[in-house]
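Encoded as C-alpha cells, the structure appears first; notes follow it.
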Amino acid sequence: MAAARNPNSLHKQRRLRRWHRLVALVTSCQLLLWTLSGLYFAFIDIDYVRGHQFKRNPPAFKLDLSRLPAVFVSARKVVIQERRAGELILGVHTAEGIQWLDTHGLPIEPLSGEDALALGAERTVIKPNQFQWVDSDLPGSEYRGAPLPLWRLWKAEDPDRVAYVNAISGEVTAVRHEAWRW
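Quick note on numbering: the numbering used here labels position 135 of the sequence shown as 255, and the sequence is numbered without any gaps.
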C-alpha cells in the first residue's frame, strides 16, 4: 500500500515554489537593469556623460613665486593655482581635508555669485547667467561627493546644462546634462 502524502507537505512545497518564482522574478529584473545600463555605457562615451566636453582647459599663466612669502604649513601636498586673474591661492591637503589659503597664509573667502558666473563663463562653454548657493549635501544630488560649498550655475535658456563651481577654489567640479541624468 502506498503511503499517503501529508497535505501539509504539499502546502509547504507550493509556498516554497511561489517564493522561489518571486525571488527569480526580482533577480531577473535586476539583471535586466544591469544589462540595459551596461549597453548604455557600451555605446555612450563616459567622458561625454560626465560633461567633460563642456569644460574648458584653464589658460596657462606665469607663476611668479616672488609674490609668495614663505608660509609654514603641515601638509601632505600643497597646490598653487590661480583662482581669478592675478589671484594665487594655496590648496593645503591635510588628513582633515583641503584648506584654501591666500598668498599670506590666511583662509580665503568664498567667491560671490557674480565671480562664480564669470569663472563659469571662462571655464565652461555653458555661458551661465543664473546661480544658486549650495551648502548642504542632499541625497541623490548631482554634485555627489564634491566639497561644499558650491555654486550651481546654469543658463536660463538651457537649464538642463548645469556647472558646479567650488565656492572657495573656483574649480569647476562637475558639469551635468541630460546624458548624465539618464
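By construction, the Cβ of each residue, glycine as well, lies at the ideal position given by its N, Cα and C atoms.
- Within a 10 Å sphere around the beta-carbon of residue 244 sit 16 or more other beta-carbons, which makes this residue buried.
- The beta carbons of residue 254 and residue 281 sit about 16 Å from each other, so the pair does not count as a contact at 8 Å.
- The beta-carbon separation of residue 266 and residue 230, rounded to 14 Å, does not stay under the 8 Å limit for a contact.
- Scanning its chain for C-beta atoms nearer than 7 Å, with the 5 sequence neighbours on each side dropped, one finds around residue 169 the residues 299, 300, in chain order.
- Counting only runs of at least 3 residues, the region 189 to 263 fully encloses the following beta strand (DSSP E) elements, listed from N- to C-terminal order: 197 to 204, 207 to 214, 217 to 221, 250 to 254.
- Taking C-beta atoms as the reference points, residue 221 and residue 209 count as a pair closer than 8 Å.
- Under DSSP, residue 274 shares a beta bridge with 250, 282.
- Straight across, the Cα-Cα distance linking residue 275 with residue 224 is about 36 Å.
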